[in-house]
Ligand code: AMP
């Protein structure tokens, strides 16, 4: 695996792969890798001749009061995992490389970026869409791989790819969970043993909603009530949102009959965790 720090080097390395006629898959990450990330790498390996992973903790997607400075950084361990997966290129630039002095250009996916996590994390998705657009320009992959775990991010990036005519296919991979149901996340490292137990209430709430949908209940209001009732079983968990929305626009849906995204965000100990359930049209 070639580790690349600069945009110029990355462009040259990609040109080398292209010269050999190889297709290229891109997996953007912020590091602190776990099996969720690795599932994206494996999907990319299966679908493309070569795989590039990017590792960049993007400062513009963190608000000043958020966890940018303490976000887990485990570069050596990440490299070992990616080596074992036979990743071709690891692009790990520093902030000055990605944001040249005086950078003032943003990619904003208006309206959608202000929904779901965008409500309590203003500016977050503008940071995400800007850095991902930048990575798409630098790497120019055939396919880019993202996790369903970040469902709002998926909606925003899909819209961005469509609106700005990026010449790539966006592939979304399923949520990877711990055996007890907790969605894997780099932020799970923040949880104490007690927090870790309490955090299970998120997936439990989603499963309760899923069971009700399977039993034929499709109106959003009582389904949301069910989710909130389960979440209330852990009083130390503070709910940010529990919503049933259109997976593309992130607008509230009155029922799930045409398919819907059931999404939750909650504060557990020092971590803000998200999880979701995608319901297909009935
Ligand atoms: P991050 O490093 O948290 O920015 O995540 C990088 C990519 O991994 C994003 O596309 C995430 O959606 C994806 N990802 C994170 N956690 C999971 C998970 N548990 N299952 C599947 N994909 C995930």
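Numbering (our numbering), first residue to last: 486 to 767.
Even glycine gets a Cβ: it sits at the ideal position worked out from N, Cα and C.
Given this structure, state the Cα-to-Cα distance separating residue i from residue j, to the nearest angstrom.
i           : j           : result
residue 579 : residue 717 : 41 Å
residue 683 : residue 611 : 31 Å
residue 708 : residue 714 : 10 Å
residue 548 : residue 606 : 7 Å
residue 535 : residue 756 : 35 Å
residue 492 : residue 669 : 30 Å
residue 623 : residue 487 : 16 Å
residue 662 : residue 750 : 16 Å
residue 641 : residue 744 : 18 Å
residue 738 : residue 746 : 9 Å
residue 706 : residue 725 : 17 Å
residue 648 : residue 637 : 17 Å
residue 643 : residue 728 : 20 Å
residue 616 : residue 734 : 21 Å
residue 545 : residue 582 : 14 Å
residue 567 : residue 540 : 11 Å
residue 489 : residue 576 : 5 Å
residue 761 : residue 628 : 24 Å
residue 502 : residue 650 : 23 Å
residue 672 : residue 518 : 11 Å
residue 506 : residue 499 : 11 Å
residue 769 : residue 585 : Residue 769 falls outside the range modelled here, since the chain spans only 486 to 767, and no answer is possible.
residue 529 : residue 592 : 25 Å
residue 559 : residue 645 : 30 Å
residue 588 : residue 515 : 21 Å
residue 511 : residue 533 : 9 Å
residue 608 : residue 690 : 28 Å
residue 630 : residue 509 : 11 Å
residue 521 : residue 758 : 15 Å
Any idea if residue i is buried or exposed, counting beta-carbon neighbours within 10 angstroms, 16 or more meaning buried?
i           : result
residue 604 : exposed
residue 550 : exposed
residue 732 : buried
residue 531 : exposed
residue 652 : exposed
residue 634 : buried
residue 595 : exposed
residue 767 : exposed
residue 678 : exposed
residue 721 : exposed
residue 621 : buried
residue 537 : buried
residue 688 : buried
May I ask which residues mark the beginning and end of the beta strand (DSSP E) holding residue i?
i           : result
residue 651 : Taken as a continuous stretch (DSSP letters only), residue 651 belongs to no beta strand (DSSP E), as it is neither H nor E.
residue 489 : 487-489
residue 757 : 756-764
residue 632 : 628-632
residue 747 : 745-753
residue 771 : With the chain running from 486 to 767 in the structure shown, residue 771 is simply not present.
How far does the alpha helix (DSSP H) with residue i in it extend, from its first residue to its last?
i           : result
residue 509 : Premise fails: residue 509 lies in the beta strand (DSSP E), 509-514, not in any alpha helix (DSSP H).
residue 532 : 520-532
residue 493 : 492-504
residue 610 : 609-624
residue 724 : Residue 724 -> not in any alpha helix (DSSP H); beta strand (DSSP E) instead, spanning 723-730.
residue 590 : Taken as a continuous stretch (DSSP letters only), residue 590 belongs to no alpha helix (DSSP H), as it is neither H nor E.
residue 704 : No alpha helix (DSSP H) contains residue 704, which DSSP labels as neither H nor E.
residue 666 : Per DSSP, residue 666 belongs to no alpha helix (DSSP H) and is neither H nor E.
residue 670 : Unbroken run through residue 670: none, as it is neither H nor E.
residue 605 : 602-605
residue 678 : 678-683
* To do: Only counting runs of 4 or more residues, tell me where the alpha helix (DSSP H) segments fall wholly within the segment 548-582, in order along the chain.
  => 560-569
* Sufficient close CB pairs (3 or more, under 8 Å) joining the segment 742-756 to the segment 672-687 -> Touching, yes.
* the segment 525-544 in contact with the segment 648-663 per 3-pair CB rule at 8 Å -> yes
* Could you tell me whether the segment 585-601 touches the segment 553-561, using the rule of 3 or more Cβ pairs below 8 Å? => no
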